[in-house]
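Trainee: I have a structure I would like to understand better, so I am pasting it below and will then ask my questions one at a time.
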Amino acid sequence: MSLFNDLDDYKLHTEFCTNPNILLHRSYRADRARGRQRIAIQEEWAPQKPPLGVGQFGVVRLEQRQKVYGDTSSEHQELAVKQLRKIDLDRMRVDFRKELQALTKFSRLKFAQSQAFVKFFGWFEDDDHVYLAMEYFRNGTLDHFIAKGLLEQDAQIIGQQLLEGLKIMHQEQFTHRDLKPQNIFVVQQSPYWWVKIGDLGISKRAAKDDTVLRTSTGTPLYLAPEVFHYLPFQDEETDTYTNAVDIWSFACVLYEMLALQVPFTDWPRDLVAFCHGAPFPDGPLMDRVSTIAIDFVKSVLVPTPEKRPTAQEAFGAE
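Sequential numbering of the sequence shown, starting at 60, is according to my numbering.
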């Protein structure tokens, strides 16, 4: 199935009402139990204020389902809807249809069964905006729980789930490129932690005959040093990197869960020093976690991308 056909399958038929507080989403489902191949479903959704968050291209709003006509079996009463301004996408030369590739890819059944990724329910548009409808999480994102403090066993459970998700993405030749606590959504809290990786729209897929990526994006505190050309002897003319950048970001997130602070607080000075031979910043970890945990973080927070383990290797070692 081509990318554009896949996107068309995920497009929501939406009517913007004269009442700005109501949206109508229409869809069709099969009901084999009743012997009907096509049932029309109409849902009324109400955008809530204030927005859940504000980003570079727009805002994220909570939508709550008010009414449904046709099929009441849907379990989703709330959605997080990202509203993107088309003028900003055009200015930044962002093709949103290509940016949605990872969202549609990992919403397919064989990947959805992993429960590792935020669910994508579809997209719709008006003259000025593109809207992405995604799973909403009442528990919020991982950064809120880091601020409250996590135990070593909490970090281990969450880390394993993140590596499982990265392993799947990398096997499919996708790189997340912006893994950080704010993009990790909490489904369940302690003691039965369950997290999902979100914001897949920034992800990139390498060509089949190419394992490198060529555009830098993401959050500096969690971005790998090769993206900034901080490595010694790195060719400053090249702007390519591999999915090893995700392992670095994972390592930074794991470090923060264990130490309750990022590994390089004086960024970028501390990061550059580490890349040029400064000792591993294990001080904040020493009094909080075991030597086994520290050794594992050291094994993934490695400046040279070729020396970092793959997601598969790290998953087996944790």
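Here a beta-carbon is modelled for each residue, glycine too, at the ideal position from N, C-alpha and C.
Is it buried or exposed, glutamine 172, if we count other Cβ atoms within 10 angstroms and call 16 or more buried?
Mentor: It is exposed - the Cβ of glutamine 172 has fewer than 16 other Cβ atoms within 10 Å.
Trainee: Between the Cα of proline 109 and those of Val118, Glu103, Glu102, Gln101, spot the shortest distance and give me the residue it belongs to.
Mentor: Val118
Trainee: Just to confirm the assignment, what range does the beta strand (DSSP E) spanning glutamine 247 have?
Mentor: 243 to 247
Trainee: What does the alpha-carbon distance come out to for the pair tyrosine 251 and isoleucine 146?
Mentor: 43 Å
Trainee: If I'm right that glutamate 231 touches lysine 169 with Cβ under 8 Å, what's the distance once you round it to whole angstroms?
Mentor: Going by Cβ atoms, the distance from glutamate 231 to lysine 169 rounds to 10 Å, so no, they are not a contact pair.
Trainee: Decide if glycine 199 is buried, meaning its Cβ has at least 16 other Cβ atoms within 10 Å, or exposed.
Mentor: The residue in question, glycine 199, is exposed, as its Cβ has fewer than 16 Cβ neighbours within 10 Å.
Trainee: Let me know if glutamate 74 comes out buried or exposed under the rule of 16 or more other beta-carbons within 10 Å of its beta-carbon.
Mentor: exposed
Trainee: Using the rule of at least 16 other Cβ atoms within 10 Å of the residue's Cβ for burial, across every protein chain shown, is aspartate 237 buried or exposed?
Mentor: buried
Trainee: With a 10 Å radius around its C-beta and 16 neighbouring C-beta atoms as the bar for buried, classify glutamine 160 as buried or exposed.
Mentor: buried
Trainee: Run through the DSSP bridge pairs and tell me what methionine 193 is partnered with.
Mentor: Ala139, Phe179
Trainee: Which residue wins for smallest C-alpha separation from alanine 337, given the options Leu290, Phe309, Arg347, Arg367?
Mentor: Leu290
Trainee: Would you call threonine 301 buried or exposed, if buried means 16 or more other Cβ atoms sit within 10 Å of its Cβ?
Mentor: Under this definition threonine 301 is a buried residue.
Trainee: DSSP on tyrosine 251, reduced to helix/strand/coil?
Mentor: coil
Trainee: Serine 249: which of Leu138, Ala214, Asn78, Arg124 sits nearest, CA to CA?
Mentor: Ala214
Trainee: Taking C-alpha atoms, which residue in Ser349, Thr350, Pro368 lies nearest to serine 358?
Mentor: Pro368
Trainee: On the three-state DSSP scale, how would you describe alanine 266?
Mentor: With a pLDDT of 42 at alanine 266, under the threshold of 50, the modelled position of this residue cannot be trusted; read the value that follows with caution. Three-state DSSP puts alanine 266 in coil, outside helix and strand.
Trainee: Pull up the distance between the alpha-carbon of alanine 303 and that of threonine 77, whole angstroms please.
Mentor: 49 Å
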